[in-house]
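Encoded structure:
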């Protein structure tokens, strides 16, 4: 068996605030990299997840929020859809938001053949995880990154410290992001840096699970 050609179960997860002026047709076009990859003819046809207990792709009209908890069967070529998806969502989003994409090596978990050879038994799952960010501006994306990082740090350090003791940690994160944004704003003249506060947390580069 050629494991390089083995498909994954790919899970896309995230909530994105959408601009109030964005209609269904525009949102459908923005999400085309997902539903078209699934072989559907429209968002309505492709919004259903591989698993019935997952809500799939839905849009909450009152709050203008796109919800994604959607799994599709695919391969490494799905990664090529992610750039287009992020660019499209940047155009319709109202705030910065993280999107998690997890690749599960389906063949590894499904292969229960007792007659596997030694090479198969020693093979490791090719699971992978990618964390992406979308937003209407670089400032909004950076704010979402900052928020997620703070959330992660506070959750980790809360095992050892009271929340009130972590103000210095949060202030240092803000300082680092303000420095990064200042450099970006200086080169691109983007305007005001992201404001402090707002909760959240982040890893803002992809990380592998294996």
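Numbering (the working numbering), first residue to last: 171 to 380. Glycine residues also receive a C-beta, built at the ideal position from the N, C-alpha and C atoms.
Going by DSSP, which residues form a beta bridge with residue i?
i, result
"residue 352", "Bridge partners of residue 352: none, in fact."
"residue 179", "243 and 274"
"residue 227", "238"
"residue 320", "In the DSSP output, where bridge partners are listed per residue, residue 320 has none listed."
"residue 184", "238"
Assign residue i to one of two classes, buried (16 or more other C-beta atoms within 10 Å of its C-beta) or exposed (fewer than that).
i, result
"residue 250", "exposed"
"residue 212", "exposed"
"residue 329", "exposed"
"residue 267", "buried"
"residue 181", "buried"
"residue 197", "buried"
"residue 171", "Low confidence applies to residue 171: its pLDDT is 41, below 50, so where it sits in the model is not reliable, and the reading given next is rough at best. Counting Cβ neighbours within 10 Å, residue 171 comes out exposed, since fewer than 16 surround it."
"residue 285", "Bear in mind that a pLDDT of 49 at residue 285, under 50, signals an unreliable position, so the model cannot answer this."
"residue 223", "exposed"
"residue 296", "buried"
"residue 357", "exposed"
If we call anything under 9 Å between Cβ atoms a contact, is residue i one with residue j?
i, j, result
"residue 310", "residue 265", "yes"
"residue 300", "residue 272", "yes"
"residue 263", "residue 306", "yes"
"residue 246", "residue 347", "no"
"residue 312", "residue 354", "yes"
"residue 270", "residue 302", "yes"
Which residue from the options puts its Cα closest to that of residue i?
i, options, result
"residue 187", "318, 178, 232 and 322", "232"
"residue 258", "347, 304 and 228", "304"
"residue 185", "323, 341 and 229", "229"
"residue 338", "349, 350, 324 and 351", "324"
"residue 227", "209, 248, 205 and 244", "205"
"residue 322", "238, 340, 335 and 334", "340"
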